[in-house]
Amino acid sequence: MSENSTAIRGGEFLIRPTAAADIFIPEEWTEEQLMMKQMTLDFVEQRILPKLEEIDSQEEGLVPSLMRESGELGLLGSSVPEEYGGMGLDFKTTMLIT
Numbered sequence: 030m031s032e033n034s035t036a037i038r039g040g041e042f043l044i045r046p047t048a049a050a051d052i053f054i055p056e057e058w059t060e061e062q063l064m065m066k067q068m069t070l071d072f073v074e075q076r077i078l079p080k081l082e083e084i085d086s087q088e089e090g091l092v093p094s095l096m097r098e099s100g101e102l103g104l105l106g107s108s109v110p111e112e113y114g115g116m117g118l119d120f121k122t123t124m125l126i127t
């Protein structure tokens with residue numbers, strides 16, 4: 030976000046002017062951002078989607094196991110600073126992961 034930007038409240042983004050620096054478009058994604066995006070998609074497609082029924086029926090231990098796996102990949106602490114055990118990634122990369 031640009032230096033002068035503030036947090037957006039509710040639907041304010043619909044009517045508030047937006048600085049060009051705040052626009053997030055795929056053509057400007059870095060190689061690292063694209064890799065994180067692909068890793069996230071792969072995890073969802075390979076580990077989450079095949080187990081939707083088990084997740085929905087709350088199979089014991091499955092969700093904690095999947096959360097551990099996603100944490101090991103760095104998908105849970107992406108925006109947490111490195112000094113606190115996170116990856117310290119920027120806002121745009123974190124948005125791609127979510």
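Under this note's numbering, think of the first position of the sequence shown as 30, with each following residue one higher.
Backbone N, C-alpha and C fix where the C-beta goes; we use that ideal spot for every residue, glycine too.
Everything numeric in this text was worked out from a predicted model, so none of it was measured.
Alpha-carbon spacing of residue i relative to residue j, whole angstroms
i	j	result
GLU111	LEU118	9 angstroms
LYS80	GLU41	38 angstroms
GLN75	MET68	10 angstroms
GLU83	TRP58	35 angstroms
GLU89	LEU95	12 angstroms
Buried versus exposed, by CB contacts within 10 Å (16 or more), residue i
i	result
THR127	exposed
SER125	In the sequence as presented, Ser is not what sits at residue 125; that position holds Leu. Burial call: buried.
LEU91	exposed
LEU78	exposed
GLN62	buried
LEU70	exposed
8 angstroms Cβ cutoff met for residue i and residue j
i	j	result
MET116	GLY106	yes
Chain-order list of residues whose beta-carbon lies under 7 angstroms from that of residue i (same chain, five-residue window excluded)
i	result
MET65	THR122, LEU125 and ILE126
GLY103	MET116
Same chain, Cβ closer than 6 angstroms to residue i, five either side skipped, listed in chain order
i	result
ARG97	none
8 angstroms Cβ shell around residue i - same chain, five flanking residues per side excluded
i	result
PHE72	GLU98, SER99, LEU102 and LEU104
PRO93	none
VAL109	GLY115, MET116 and GLY117
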